[in-house]
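What follows is a short report on a single structure.
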Amino acid sequence: MWFVDIPKTTLKHAVLPWYHEDWKHEGPLPKAAPRKKLSLSEEFTLRTKADWLNLKNLCEEGRVIARVFIEPSEPELVRDQQFAKELAVLAHKYGFVIELSGGLLSHAYYMLTSSGCQVECADLYATEEGELEFHKLVRDKIPDNIHSRGENVKLLKLEGEALITALKRKIVEEALEVLDAETSQSIIEEVADLRETVNALTKALSISEKDIEEARKFKKEKRGAFDSALMLEKTSLASSLSLGQNSEDDPFSLSHPHIERTISRAEQLPHYLHDIHSDKRHDAKGTFERQFSLSLPAHGENFSPPRVNFTLESSTGSTHEYILNLEMDRRGSDIRCKIRIINAPTQMSLDL
0 MWFVDIPKTT LKHAVLPWYH EDWKHEGPLP KAAPRKKLSL SEEFTLRTKA
50 DWLNLKNLCE EGRVIARVFI EPSEPELVRD QQFAKELAVL AHKYGFVIEL
100 SGGLLSHAYY MLTSSGCQVE CADLYATEEG ELEFHKLVRD KIPDNIHSRG
150 ENVKLLKLEG EALITALKRK IVEEALEVLD AETSQSIIEE VADLRETVNA
200 LTKALSISEK DIEEARKFKK EKRGAFDSAL MLEKTSLASS LSLGQNSEDD
250 PFSLSHPHIE RTISRAEQLP HYLHDIHSDK RHDAKGTFER QFSLSLPAHG
300 ENFSPPRVNF TLESSTGSTH EYILNLEMDR RGSDIRCKIR IINAPTQMSL
350 DL
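At position 232 of the sequence shown (counting the first as 1) the number is 231 in numbering that gives the first Met the number 0, and the numbers step up by one without a gap.
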């Protein structure tokens, strides 16, 4: 089958063959290639068979390649099933992601996914009209990089308080990405991003490195640094009998800070206390309502609040019992919240 009379603005060829073969999808749902930051990890663009040979050589030499872009200029390359299988094996062995310049209708997508590759599509459903909104502060060259891939870019210029606020938010975002980093190399990259953002903020506020260094040294002298790796577990008020007592033999004397135990695994870190507080209220019209409040750490980890049973009165005065179930998940700097209100099970009444 052929597509004919293709507009020159879309393709330089007037006709385009449609190559088809049977394919059964078994595996995860199609995934769009993410908008990502510039990384220290290397990326590779594969267009020809010569590029394919070069990629294999680079991998054998130990080059760390995070992502391979497939932009074939030789049609026979992506129709070669042996090429797809070898590429899948290489991707599994060296752990890189394959990104296709096309969408799901690309023949290469089916060839590679059937071979077991981790494949992402730059244009998942081949819809140029699709718009993605970000409203995020980005590095200076990111808009040009996106435009070079054939996308329209709309920008806002920030200054004054808007810039300061955006940079503060960006610092929080970058700090959370440091938290999520799992390898030394990724930590290096995320800390570099964090420093770049902090530098931008200090520049915008005309804060010198000397000012920051003086404040750091002053705090270190008064409060110390983090060299001792101490975590404050809890405190308690000293007994009035212990005031002024320093004898080690006195049972009421105030003890010196001491280390209770040493932990080395992340899962051993103490969990944060999560509590949901429920208040009974009536609005201005006298309608009964419940208000729930809770607090959680900004990093959003290990968040597992208990289920809360509560009651609500209807307009007729009858009482219904419900269960509040709250789930939160943080992805990057976004916290997603799922709230479920469940009818509590009721016990059947028996006529005795």
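Built from N, CA and C at the ideal position, the CB exists for glycine as well.
Residues that DSSP places opposite residue i in a beta bridge
{"i": "PRO269", "result": "BP columns for PRO269 are empty, so no partner."}
{"i": "THR318", "result": "GLU312"}
{"i": "SER277", "result": "PHE291"}
{"i": "PHE2", "result": "LEU15"}
{"i": "MET230", "result": "Answer is none; MET230 lacks a bridge partner."}
{"i": "ASN324", "result": "ARG339"}
{"i": "ARG329", "result": "ILE334"}
{"i": "VAL152", "result": "Per DSSP, none; premise fails for VAL152."}
{"i": "VAL137", "result": "Beta-bridge pairing links VAL137 to no other residue."}
Contact under 8 Å by Cβ, residue i with residue j
{"i": "HIS319", "j": "LEU311", "result": "yes"}
{"i": "ALA165", "j": "LEU178", "result": "no"}
{"i": "PHE95", "j": "ALA65", "result": "yes"}
{"i": "GLN117", "j": "ILE141", "result": "no"}
{"i": "PHE302", "j": "HIS273", "result": "yes"}
{"i": "ILE275", "j": "LEU293", "result": "yes"}
{"i": "LEU111", "j": "ALA87", "result": "yes"}
{"i": "THR44", "j": "PHE68", "result": "yes"}
{"i": "LEU193", "j": "ILE170", "result": "yes"}
{"i": "ILE163", "j": "ALA214", "result": "no"}
Limits of the unbroken beta strand (DSSP E) element including residue i
{"i": "HIS12", "result": "Here HIS12 belongs to no beta strand (DSSP E), and DSSP marks it neither H nor E."}
{"i": "ARG339", "result": "333 to 342"}
{"i": "ALA65", "result": "64 to 69"}
{"i": "GLU41", "result": "41 to 45"}
Span separating the alpha-carbon of residue i from that of residue j
{"i": "PHE2", "j": "LEU99", "result": "21 Å"}
{"i": "GLY61", "j": "ALA343", "result": "59 Å"}
{"i": "LEU57", "j": "GLU119", "result": "22 Å"}
{"i": "ILE340", "j": "GLU42", "result": "46 Å"}
{"i": "GLY299", "j": "PRO16", "result": "51 Å"}
{"i": "LYS30", "j": "LYS216", "result": "The predicted position of LYS30 is uncertain, since its pLDDT is 49 and thus under 50; no value can be drawn from it."}
{"i": "ASP139", "j": "SER205", "result": "20 Å"}
{"i": "ASP333", "j": "ALA180", "result": "16 Å"}
{"i": "ALA161", "j": "THR201", "result": "15 Å"}
{"i": "ALA228", "j": "THR261", "result": "10 Å"}
{"i": "PHE82", "j": "GLU173", "result": "39 Å"}
{"i": "LYS11", "j": "HIS146", "result": "20 Å"}
{"i": "LYS153", "j": "GLN80", "result": "40 Å"}
{"i": "GLU212", "j": "ARG330", "result": "33 Å"}
{"i": "ALA297", "j": "ASP328", "result": "12 Å"}
{"i": "ALA199", "j": "GLY223", "result": "27 Å"}
{"i": "LEU175", "j": "LYS92", "result": "30 Å"}
{"i": "ARG264", "j": "MET230", "result": "14 Å"}
{"i": "HIS281", "j": "GLU232", "result": "39 Å"}
{"i": "LYS84", "j": "GLU70", "result": "17 Å"}
Enclosing alpha helix (DSSP H) for residue i [first to last residue]
{"i": "SER183", "result": "183 to 203"}
{"i": "PHE82", "result": "80 to 93"}
{"i": "SER164", "result": "Checking the sequence shown, residue 164 turns out to be Thr, not Ser. Note, THR164: alpha helix (DSSP H), 159 to 179."}
{"i": "PHE217", "result": "208 to 222"}
{"i": "ASP282", "result": "Unbroken run through ASP282: none, as it is neither H nor E."}
Distance cut-off 7 Å: residue i Cβ against heavy atoms of the ligand PLP
{"i": "VAL3", "result": "By its list of ligands, the structure shown contains no ligand whatsoever, and the ligand PLP lies outside what it can speak to."}
Interface flag, residue i vs chain C, CB-CB below 8 Å
{"i": "ILE145", "result": "Although the question refers to chain C, the structure presented lacks it and comprises just one protein chain."}
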